[in-house]
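Inspection log for the structure reproduced underneath, given as structure tokens.
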Amino acid sequence: MLGCDLVVSGSKKVLASVRKGETALVINTAEVYPGDFARNADYSIPGVRIRQALEKSGAQRAHFIDAGSMATTLLGTSIAANMFMLGYAWQQGYVPLAAASIERAITLNGEAVAMNLAAFTWGRSAAFEPESITGKDLASAQLQ
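Every position in the sequence shown, counted from 1, becomes a number in the working numbering once 62 is added.
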């Protein structure tokens with residue numbers, strides 16, 4: 063399961079789709095406030111509770127990544143977070159497509175091609191060698 067939104071990922075409907083011991087989770091931990099926030103100024107995302115529910119879902123493996131922050135730091139926008147997540151999931155072996163096929167689809171789509179290709183590559187790097195983009199290295203990893 064590629065969870066690009068923490069709140070949606072932890073919903074009952076999504077949790078019910080997890081096959082115990084089979085489903086792998088790749089979850090973006092960035093907390094994006096839903097519309098409820100506009101109606102209730104005291105609304106807060108129960109991030110810890112959602113994460114615990116995902117961890118207890120019986121999934122084979124769960125990965126939690128702050129893709130929003132990483133994408134913003136690396137690419138200047140959180141819009142790249144979803145493609146970053148795809149790259150991370152692909153590198154973990156959870157996407158049954160060739161990397162070249164995904165890259166070709168990004169190119170054919172024609173929207174923000176350079177950014178999306180870079181986000182996919184950075185996501186792969188985060189899965190393969192997380193220390194290459196975390197901490198002090200993250201600040202120097204800005205793409206031009």
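Ideal placement from N, C-alpha and C gives every residue a C-beta, glycine not left out.
Across the structure, A124 and E173 are spaced so that their CA atoms are roughly 30 Å apart.
Residue nearest to Q122 within the set A189, G83, P158, R113 is G83 (criterion: CA-CA distance).
At the C-beta level, L136 and L64 stay beyond 8 Å of one another. Under the 10 Å beta carbon count, R111 is surrounded by fewer than 16 other beta carbons and is classified as exposed. If you draw a 10 Å sphere on the C-beta of N171, you find fewer than 16 other C-beta atoms in it, and that means exposed.
Around the C-beta of R81, fewer than 16 other C-beta atoms lie within 10 Å, and the residue is accordingly described as exposed. When C-alpha distances from P192 are compared across R113, D128, A92, the shortest belongs to D128. Relative to the Cα of F146, the nearest Cα in the group A133, L87, T139, V70 belongs to A133. Scanning its chain for C-beta atoms nearer than 7 Å, with the 5 sequence neighbours on each side dropped, one finds around C66 the residues N90, A143, N144, M147, in chain order.
Under DSSP, F126 takes part in a beta bridge, and its partners are I89. One alpha carbon belongs to S71, the other to L116, and they sit about 8 Å apart.
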